[in-house]
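>
Numbering (UniProt numbering), first residue to last: 1 to 306.
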């Protein structure tokens, strides 16, 4: 299966290049306008097909393209690929403009092409036992040290990870099921912290991010009947049941990409490609995550809208 990586920035270099080039079912291709970077990684990973132009990549007819370029470029690139009949993986977000998200999902549906959005936290191994239970209360926090940001960047480029995970576990299928409360703190024209919470099916869900934190970290607290998980930074934590505690973690030999869910996520994408068609349920779920992000933005104070 010939899969191209388009855009070779930091995340692509750290996560996706090692994964894709090491996968037994994938023949990797590369595409970036930076010819120096292109030559470097084509040589390092012994990749024969490397392109500096999107049109040339499309002409090469890969089975799929994984988009890791700047958020502002996602819509135009994904549109061209889908129109050319090529399956798409897009590193979150689809776009930071909700109408563009809708257009791309609709195009994938019309073309009946695989379309996959890269939310790795859903696939984190330590989270899976919790996700197999009925939630009573879920609190997900993801914080950063001293990184207040414009609201749209804050929400769509970072907080979306938290929003997607909590939406996923809450089981909502429409925005009408998410009458959320919002709390925020801003400084000047930048958003510094936000928390949203809602009820669904007698359970409470909370997603929060503080970018004025003393350090960068994330924590999942997941409560179900007589069970509690507290997992920090996706790689360590505690599980409690019947008033007994168990330490959670990994062996030293297991990779960071495995711990953070990237390995399972890539496998899921490859399984979708094998079907050769779009997954409407997954498409609608991804779109709902972006719609929720847009609703959060709309609820923020007016001075943060720009």
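Here a beta-carbon is modelled for each residue, glycine too, at the ideal position from N, C-alpha and C.
As a quick exercise: from 226, 302 and 286, pick the residue whose alpha carbon is nearest that of residue 118.
Stepping through the chain shown from its first residue, residue 118 is reached at position 118. Among 226, 302 and 286, the Cα nearest to that of residue 118 belongs to 286.
> Does residue 243 pass the burial test, meaning 16 or more other C-beta atoms within 10 Å, or should it be called exposed?
For the purposes of this step, residue 243 is taken as the residue at position 243 of the chain shown. Counting Cβ neighbours within 10 Å, residue 243 comes out exposed, since fewer than 16 surround it.
> Can the beta-carbon of residue 123 be found closer than 7 Å to that of residue 261?
By 1-based counting over the chain shown, the position of residue 123 is 123. By 1-based counting over the chain shown, the position of residue 261 is 261. Cβ atoms of residue 123 and residue 261: closer than 7 Å.
> Could you round the C-beta distance between residue 141 and residue 208 to whole angstroms and report it? I think they count as a contact, below 8 Å.
Residue 141 sits at position 141 when you count from the first residue of the chain shown. Residue 208 sits at position 208 when you count from the first residue of the chain shown. At roughly 5 Å, the Cβ-Cβ gap stays under 8 Å, so residue 141 and residue 208 are in contact.
> Is it right to say residue 7 is buried, meaning 16 or more other beta carbons lie within 10 angstroms of its own, or is it exposed?
Reading the chain shown from its first residue, position 7 is the one you call residue 7. Buried, since its Cβ has 16 or more Cβ neighbours within 10 Å.
> Which complete beta strand (DSSP E) runs does the UniProt domain "YceM-like C-terminal" (133 to 238) hold, if anything under 3 residues is left out?
Within the UniProt domain "YceM-like C-terminal" (133 to 238), the complete beta strand (DSSP E) runs of at least 3 residues are 137 to 143, 181 to 187, 190 to 200, 203 to 210, 217 to 224 and 227 to 232.
> Going by DSSP, which residues form a beta bridge with residue 82?
Here residue 82 is taken as the residue at index 82 of the chain shown, counted from 1. Paired residue(s): none; residue 82 is not in a bridge.
> Pick out whichever of 156, 126 and 301 has its Cα sitting closest to the Cα of residue 289.
As a working mapping, residue 289 is identified with position 289 in the chain shown. Checked all of 156, 126 and 301; the closest Cα to residue 289 is 156.
> Relative to the C-alpha of residue 273, which candidate in 26, 18 and 11 has its C-alpha closest?
Here residue 273 refers to the residue found at position 273 when the chain shown is read from its first residue. Residue 26 is the option with its Cα nearest to residue 273.
> Which term fits residue 68, buried or exposed, when burial requires 16 or more other beta carbons within 10 angstroms of its beta carbon?
Position 68 of the chain shown, counted from the first residue, corresponds to residue 68. Buried, because 16 or more other Cβ atoms sit within 10 Å of the Cβ of residue 68.
> Count Cβ pairs between the region 77 to 90 and the region 243 to 255 that sit closer than 8 Å; are there 3 or more?
No, the region 77 to 90 is not in contact with the region 243 to 255.
> Between residue 32 and residue 52, how many whole angstroms is the CB-CB distance? I'm expecting something under 8 Å.
Indexing the chain shown from 1 puts residue 32 at position 32. Indexing the chain shown from 1 puts residue 52 at position 52. Their Cβ separation, rounded to whole angstroms, is 7 Å, which keeps residue 32 and residue 52 in contact under 8 Å.
> Take residue 221 and list the residues in its own chain whose beta-carbon comes closer than 6 Å to its own, dropping the five residues that flank it on each side.
Mapped onto the chain shown, residue 221 falls at position 221. Taken in chain order, the residues that qualify are 139 and 230.
> If you scan the region 19 to 71 from start to end, which runs of the beta strand (DSSP E) of 3 or more residues do you find wholly inside it?
Segments of the beta strand (DSSP E) lying fully in the region 19 to 71: 27 to 31 and 64 to 67.
> Assuming residue 115 is part of the beta strand (DSSP E), what are its boundary residues?
Taking the chain shown and counting its residues from 1, one reaches residue 115 at position 115. Element bounds for residue 115: 115 to 118.
> Whose C-alpha, out of 277, 259, 302 and 30, is nearest the C-alpha of residue 189?
Sequence index remark: in the chain shown, residue 189 carries index 189 (1-based). Of the candidates 277, 259, 302 and 30, the one whose C-alpha sits nearest the C-alpha of residue 189 is 302.
> Anyone know if the C-beta pair for residue 191 and residue 304 falls short of 7 Å?
Against the chain shown, residue 191 aligns to sequence position 191. Against the chain shown, residue 304 aligns to sequence position 304. Yes. Within cutoff.
> Over the uninterrupted beta strand (DSSP E) stretch that includes residue 245, give me the two end residues.
Working through the chain shown from its first residue, we reach residue 245 at position 245. Residues 244 to 248.
> So what does residue 382 bridge to, in DSSP terms?
Coverage of the chain is limited to positions 1 through 306, which leaves residue 382 absent and any answer about it impossible.
> How far does the beta strand (DSSP E) with residue 3 in it extend, from its first residue to its last?
In the chain shown, residue 3 corresponds to position 3, counting from 1. From DSSP, the beta strand (DSSP E) with residue 3 extends over 2 to 6.
> Quick check on this structure: which residue in 134, 36, 34 and 41 has the alpha carbon closest to the alpha carbon of residue 16?
Walking along the chain shown from the start, residue 16 turns up at place 16. Checked all of 134, 36, 34 and 41; the closest Cα to residue 16 is 41.
> Assign residue 34 to one of two classes, buried (16 or more other C-beta atoms within 10 Å of its C-beta) or exposed (fewer than that).
Position 34 of the chain shown, counted from the first residue, corresponds to residue 34. Residue 34 is exposed by the Cβ-count criterion.
> Does the pairing of the region 101 to 119 with the region 251 to 260 give three or more beta-carbon distances under 8 Å?
In short, these stretches do not touch, since the Cβ pair count stays below three.
> Name, in chain order, the residues that DSSP records as bridge partners for residue 91.
The count along the chain shown starts at 1 and reaches residue 91 at position 91. Looking at the DSSP assignment, residue 91 forms a beta bridge with 118.
> Just reading off the alpha helix (DSSP H) that residue 301 is part of, what are its end residues?
Looking up residue 301 in the chain shown gives position 301. Counting along the chain, residue 301 falls outside any alpha helix (DSSP H), and DSSP gives it neither H nor E.
> By Cβ distance, which residues of its chain are closer than 6 Å to residue 154, with the 5 residues on each side in sequence left out?
Numbered from its first residue, the chain shown carries residue 154 at position 154. Closer than 6 Å at the Cβ level, and outside the excluded window around residue 154, lie 191.
> Measure the C-alpha to C-alpha separation of residue 132 and residue 283 and round it to an integer number of angstroms.
Translated into the one-based positions of the chain shown, residue 132 becomes position 132. Translated into the one-based positions of the chain shown, residue 283 becomes position 283. Rounded to whole angstroms, residue 132 to residue 283 spans 22 Å at the Cα level.
> By DSSP, does residue 112 sit in helix, in strand, or in coil?
In the chain shown, counting from the first residue as 1, residue 112 sits at position 112. Note: residue 112 maps to coil in three-state DSSP.
> Whole angstroms is fine: what's the gap from residue 9's alpha carbon to residue 47's?
If you number the chain shown from 1, residue 9 lands on position 9. If you number the chain shown from 1, residue 47 lands on position 47. Each residue's alpha carbon lies about 17 Å from the other.
> Can you give me the Cβ contacts of residue 277 inside the same chain, cut-off strictly under 6 Å, excluding the 5 residues immediately before and after it?
The residue you call residue 277 lines up with position 277 of the chain shown. If we look at residue 277 and ignore the five residues flanking it on each side, its Cβ neighbours are 112.
> What number of angstroms, rounded off, separates the C-alpha of residue 73 from the C-alpha of residue 109?
The residue labelled residue 73 in the question sits at position 73 within the chain shown. The residue labelled residue 109 in the question sits at position 109 within the chain shown. Approximately 21 Å between the Cα atoms of the pair.
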